[in-house]
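*Asks:* Residue numbers (this note's numbering), protein chains in the order written: chain A, 1 to 506; chain B, 1001 to 1430; chain C, 2001 to 2153.
C-beta: ideal position from N, C-alpha, C; glycine also.
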Amino acid sequence: MVTITIDGKEYEVAERRTILQAIDDLGLLMTEVDIPHYCFHPKLAVDGSCRLCQVEVEGLPKLQIACDTPVRDGMIVKTANQRVKDARKGVMELLLINHPLDCPICDQAGECKLQDYSFDYGIESARTQEPRRPAKKNADLGPTIVFDQERCILCRRCVRFCREVPKTGELGVFHRGDESVLELFPGTQLDNPYSMNVADICPVGALTTKDFRFKIRVWFLDDQESVCDQCSNGCNIYASRSNNKVYRYLPRRNDAVNDTWICDHGRMSYKQILENRLTEPGIKGQRDVGYRDAIQEAGRLIREARTSSRRIVGVASPYASNEDLFTFRKLLEALGAGPGTFAVQRGEADDVLIKAEKAPNANGARALGFEESYESVGAADVAIVLGHTTTAEYFRDVANLILIDTHVSSLMDQAAVVLPARVTAEKEGTFTNHANRVQRFLPVVEPKFEAWSDGDLLQQIASASGLGGWDSMYSVHEISKELTESIAAFADLQLGSLDDQGRELS
Amino acid sequence: MIIVPYVTGYLSEHYADDDFRTLSAYKAKGGFEGLKKALAMEPEEVVEIMKSAGLRGRGGAGFNAGMKWSFMPKDTDRPKVLVCNGDESEPGSFKDRLIMERGPLQILEGILIAAWAVGASKAFIYIRGEYKEPIRCLEAAVKELYGARLCGENVMGKKGFNIDIVVHSGAGAYICGEETGLLESLEGKKGQPRKKPPFPAQFGAFGLPTTVNNIETFAHAPYILDRGVDWFRGFGTEKSPGTTLYGVSGHVERPGLFELPLGTPLREVIGHAGGVRGGRRLKGVIPGGMSMPILTPNDIDVPMADEFLSERGTHLGTGGVMVMDETTCMVRVACVVSYFFRDESCGQCTQCREGTGWINKICERIEQGRGTQQDMKLLEDVPAMMEGQTICAFADAAAWPIQGLMRHFRDDFEAHIREHKCPYPESFEL
Amino acid sequence: MQAQTLQKIEALFEKYPQKRGALLPAIYLVQAEKGHVDSDAARELAELFELQPVDVWEVLTFYNMFYTAPQGRHHVYVCTNLPCSLRGARSLLKGIESHLGVHCGQTTADGRITLGHEECLGSCGTAPMMRVDGEYVENLDLVEAKRVIDGLD
């Protein structure tokens, strides 16, 4: 460690880091230490070309770029004196001479670094009379991204991203000088599993996603912390919501999980909150039953099976949270049903983020004693199933299927009772990812129909089936407490004590 | 066909002789004596001699060449590389072309001496792509060296002294004359200069320890080794020893190259070119290639060495002297200068990419009589925003000449704004 | 690209500590064969050099001497930098423009000549000058320039 002084305040930082990296490591970049920057991105190679992060380093005659200046013990850095301010102002003025002042129609407005920094560090009025350099408007870069070339400030973050992260290298800067342009190789598209990250890292409105473009002004949105549930990586995300609707997912930084990225599939999975949802409870194919009736019917089926000592089985879902699964485990124990099983769908994986297990919590199910099985559950009177990934085949020999599910599926027709459940974005809980990292997610929206979390529904069913001690109102925090107290691996991982970065199972 | 200088010194005295480009003739004129003497010494001694000779790099920056050689790491197993910078693109400079065309073996001998001194096993001669004839001359000379076992393995019978020489053609980009832009280009990339540190001596061509010297710099080395430091220091000034090839162009009677000791007064340099054409009066002189700020007739007696020129706010650069007579519109000069830098900026750094274009647009507006007082302010502010703030010195090179023109010829700019037209009807055409 | 070009390119690799060093010379070879390097040729080069096509395209568009689009049979470039301009290069260029009936940057309708201007070519002592198919023609006036240009097939 070395000590550096920034504007009179001392910081202990790691060696062999640059000033910006060191400050970013401490999580203080732009929160406590204001060094504006465009080309620097903590997860990409240092470029050093935008020159906005210039600071004064005592003992050096020229201003230095903080993104590329290594820290030294005793280094004294000044970020706010007149010389630095003038340099920033110069960069800002020069960046704007070829940038259109079209903020009112630009989708980036409100989360644009050019706008923000102009306000904080720039000039009040433009001194250019020249027309801006001619450039493409609204150019289609591929299935996901639209490019407004005239807004591009050539920070090359997107270029570096495509080269360094998906390693597909679709984008380049062609020509030179003030004719330099960001472009695709002729005749190709920006099309890779991570393409939409370029819109996140674009500091201006040059790269926007087709999906989010012009949907809503960003100042109407607020971001809630969540975790992507599309594979076992458990990428950290923000769900941007307004009026009880999710408009987009954005990556949320977690250096131990997803750095600052998410895959396009995960990003677009917010659509699953509204698409093809199971909205109504049902009893034997009947859809207009009341919620309580469906719960009562499930309770009755279980009660009867117990009375006549017929077999009850439980099938969990790797989409269910640790808390839901713990509730299920408890219920199955109370019913004397033996350990539940689960199955997880597998698919393509890569060495960036995407994992083979296409569900967020298979490791949670494993840690909670559920057995992985891809066989028929065999003959049973009642199967309690947390749906989502199981197929109808497994329940060939089941008399009464109690199905708790989030989306419409083929299992519904076969079920004696169907209960609509909440998706990740509608509840609170934790998932255990592929590396056994337990990560919390918070409720983002309320369902537009009556639905409860798997755990809540299981508790209501338990109560309806006459089991003792299940009558209280379901509380995910209570369950979390119980879980962390009773299962050693989850000790210290209580909902309230987990921060936004998660922690590994012990 | 390049015109051979008629004012010569040790470097160019045989340039009129076509045969000087062949090994036998070159040797007959004393060629490879310097290398022979160098090989009789320890490499460190050669570096010491070069250091004390005080040969300043002739590519523009004027850094002590021996000093540069001494930066090469000694305790490393990595192969070391020499790069000879033949990307001569500084407007007003044409001396390296002459040396390559008329004295290619001088350069190669210099490279061999340097290779011995720094322990390099690979040398690249990077020549701008437009220089077809220089490329042919160097390729022919390298071929002859290989034939005579003067490069390759065990050069001159010296066991373990192995050096490969590759002639590499650039492809048309001024910025590849910048040391690290050149290295990037040599590696098959865009010629965008690198951030420093690391410096080439640690991380140069292909990541290997590298020394980059200009064509002329290498060409002087054999004479220093052969004839000694005292002899070399007999030319030029205390701080800038030796001769150089001043290239005089523009409004003179006989443009050309003249080999003169460093520190020769500007008046004398221009005098060798026959003085200002048609007996006209001098208006301004750019002393060292286009990146260097302009001088006025008041500076006509300045000794042409960097230590004297820097006192007058400019530099010797490459010694390319551009003479402008009284008909010259300095706003047009600013237009040409700023267009060049706009065209050649690599486009990496914000200030340079955007600033060069903006300055050019402002100059053109003023020249067309559409300028305002705000443009005068901008021509002060924009170069200041660029200077000293970018990865390489190109932005400085783009800012300085404009600052020089504004400093000395502000009246020309003001007149355009006042009269809404160019007041120099006889000026060179744009 | 032709087998012969490929062979020549592969022979270049050993000259450089890393293969990519041979990219500029390789582009010259492809250009010599085809007249310009289009996106298909760039793809071929990328494959040969184990690069992304975009890397090759960045290089191609950065340098003045590489062409990504078809060119005239002959190239005529007039230097318009300061030393040449001071000695009448711009007037010379205008004369050539009207002689050929094209603007600087264009190719004659018969595809014979592409006319361009260039930055300093190191011919300041013999200004003005032009570069015709790579070779320097120096100490020029319009009469001589026209004579040289008219001699091109």
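Please check if any C-beta of chain C sits within less than 8 Å of the C-beta of L171 of chain A.
*Replies:* Taking Cβ atoms only, chain C reaches closer than 8 Å to L171 of chain A, which makes this a yes.
*Asks:* Listing by chain order, which chain D residues have their CB less than 8 Å from the CB of E2058 of chain C?
*Replies:* This model lacks chain D altogether, as its protein chains are A, B and C.
*Asks:* Return yes when the Cβ of L20 of chain A is within less than 8 Å of the Cβ of A66 of chain A, no when it is not.
*Replies:* Taking 8 Å as the Cβ cut-off, A66 of chain A and L20 of chain A qualify as a contacting pair.
*Asks:* Quick one: measure Cβ to Cβ for Q296 of chain A and A399 of chain A, integer angstroms, because I've assumed they're closer than 8 Å.
*Replies:* Q296 of chain A to A399 of chain A, Cβ: 18 Å. No contact.
*Asks:* According to DSSP, is S242 of chain A part of a helix, a strand, or is it coil?
*Replies:* Three-state result, S242 of chain A: strand.
*Asks:* Three Cβ pairs or more, each shorter than 8 Å: is that satisfied between the stretch 1313 to 1321 of chain B and the stretch 1237 to 1254 of chain B?
*Replies:* Touching, yes, given that three or more Cβ pairs across the two stretches are closer than 8 Å.
*Asks:* If contact means a Cβ-Cβ distance below 7 Å, which residues of the stretch 178 to 189 of chain A contact chain C?
*Replies:* Hits within the stretch, in order: F185, P186 and G187.
*Asks:* Just the Cα atoms here: how many angstroms apart are I1270 of chain B and V1302 of chain B?
*Replies:* So the alpha carbons of these two residues sit roughly 12 Å apart.
*Asks:* At 4 residues or longer, what runs of the alpha helix (DSSP H) sit wholly inside the stretch 1109 to 1173 of chain B?
*Replies:* With a minimum length of 4 residues, the continuous alpha helix (DSSP H) runs that stay inside the stretch 1109 to 1173 of chain B are 1132 to 1147.
*Asks:* If we define contact as Cβ-Cβ less than 8 Å, is T1076 of chain B a contact residue for chain A?
*Replies:* By this cut-off, T1076 of chain B is not an interface position.
*Asks:* If the cut is a Cβ gap below 7 Å, which residues of chain B does Y2063 of chain C touch?
*Replies:* Correct list: A1171, G1172 and A1173.
*Asks:* With DSSP collapsed to three states, give me the class of A320 of chain A.
*Replies:* Correct three-state label for A320 of chain A: coil.
*Asks:* Closest to V165 of chain A by CA distance: which of A:D351, A:G59 and A:P420 is it?
*Replies:* Ranking the options by Cα distance to V165 of chain A, first place goes to A:D351.
*Asks:* What are the start and end residues of each continuous beta strand (DSSP E) run of 3 or more residues lying completely inside the stretch 32 to 62 of chain A, in chain order?
*Replies:* Qualifying beta strand (DSSP E) stretches, in chain order: 54 to 57.
*Asks:* Please confirm if the stretch 2043 to 2051 of chain C is in contact with the stretch 1146 to 1157 of chain B, defined as three or more CB-CB distances below 8 Å between the two stretches.
*Replies:* Segments in contact, no.
*Asks:* List, in order along the chain, the chain A residues whose C-beta lies closer than 7 Å to that of C1349 of chain B?
*Replies:* Simply S49 and R51.
*Asks:* Compare the C-beta of W1116 of chain B with all C-beta atoms of chain A and state if any pair is closer than 8 Å.
*Replies:* Output row for W1116 of chain B: interface = no.
*Asks:* Buried or exposed, going by whether 16 or more other CB atoms sit within 10 Å of the CB of L101 of chain A?
*Replies:* It counts as exposed.
*Asks:* Going by DSSP, name the residue or residues bridged to K113 of chain A.
*Replies:* DSSP, once it has assigned bridges, lists no residue as partnering K113 of chain A.
*Asks:* Between the Cα of A1028 of chain B and those of B:L1105, B:R1097 and B:G1062, spot the shortest distance and give me the residue it belongs to.
*Replies:* With distances taken between Cα atoms, A1028 of chain B lies closest to B:L1105.
*Asks:* Taking its Cβ as the centre, do 16 or more other Cβ atoms sit within 10 Å of K1074 of chain B, making it buried, or is it exposed?
*Replies:* It is exposed - the Cβ of K1074 of chain B has fewer than 16 other Cβ atoms within 10 Å.
*Asks:* Just the C-alpha distance for T2114 of chain C and V1081 of chain B, rounded to the nearest angstrom, thanks.
*Replies:* About 39 Å.
*Asks:* Give a yes or no on whether the C-beta atoms belonging to G1404 of chain B and P1293 of chain B are separated by under 8 Å.
*Replies:* For G1404 of chain B and P1293 of chain B, yes; Cβs fall inside 8 Å.
*Asks:* Cα-Cα, which of A:H388, A:L493 and A:K9 is closest to T432 of chain A?
*Replies:* Here the closest residue by C-alpha is A:L493.
*Asks:* Assign S376 of chain A to one of three DSSP states: helix, strand, or coil.
*Replies:* Coil.
*Asks:* Using three-state DSSP, classify W452 of chain A as helix, strand or coil.
*Replies:* The answer is strand: DSSP assigns W452 of chain A an E or B state.
*Asks:* Return yes when the C-beta of A1171 of chain B is under 7 Å from any heavy atom of the ligand NAP, and no when it is not.
*Replies:* Looking at this structure, you won't find the ligand NAP or any other ligand, since it has none at all.
*Asks:* Quick check on Y985 of chain B - is its C-beta less than 8 Å from some C-beta in chain C?
*Replies:* Because chain B spans 1001 through 1430 in this model, residue 985 of chain B falls outside it and cannot be assessed.
*Asks:* Note down, in chain order, each residue of its chain lying with its Cβ closer than 6 Å to the Cβ of F1094 of chain B, except the 5 sequence neighbours on either side.
*Replies:* So the list reads G1247, once near-sequence residues are dropped.
*Asks:* Would you call the stretch 1250 to 1262 of chain B and the stretch 1361 to 1380 of chain B in contact, with 3 or more CB pairs under 8 Å?
*Replies:* The stretch 1250 to 1262 of chain B is not in contact with the stretch 1361 to 1380 of chain B.
*Asks:* Please report the straight-line C-alpha distance between S410 of chain A and S376 of chain A, rounded to a whole angstrom.
*Replies:* Cα to Cα, S410 of chain A sits roughly 16 Å from S376 of chain A.
*Asks:* Starting from K78 of chain A, follow the beta strand (DSSP E) in both directions and report where the run begins and ends.
*Replies:* Residues I76 to K78.
*Asks:* Can you give the Cα-Cα distance for P2025 of chain C and D2153 of chain C, rounded to whole angstroms?
*Replies:* Distance between the alpha carbons of P2025 of chain C and D2153 of chain C is about 27 Å.
*Asks:* Does the distance from the CB of A1221 of chain B to the CB of T1211 of chain B come in under 8 Å?
*Replies:* Not closer than 8 Å, so no.
*Asks:* Could you name the residues of the same chain whose beta carbon sits closer than 7 Å to that of D2055 of chain C, not counting the 5 residues immediately before and after it, in chain order?
*Replies:* These residues qualify, in order along the chain: A2046.
*Asks:* Between the beta-carbon of T260 of chain A and the beta-carbon of K89 of chain A, is there less than 8 Å?
*Replies:* No, these two residues do not count as a Cβ contact at 8 Å.
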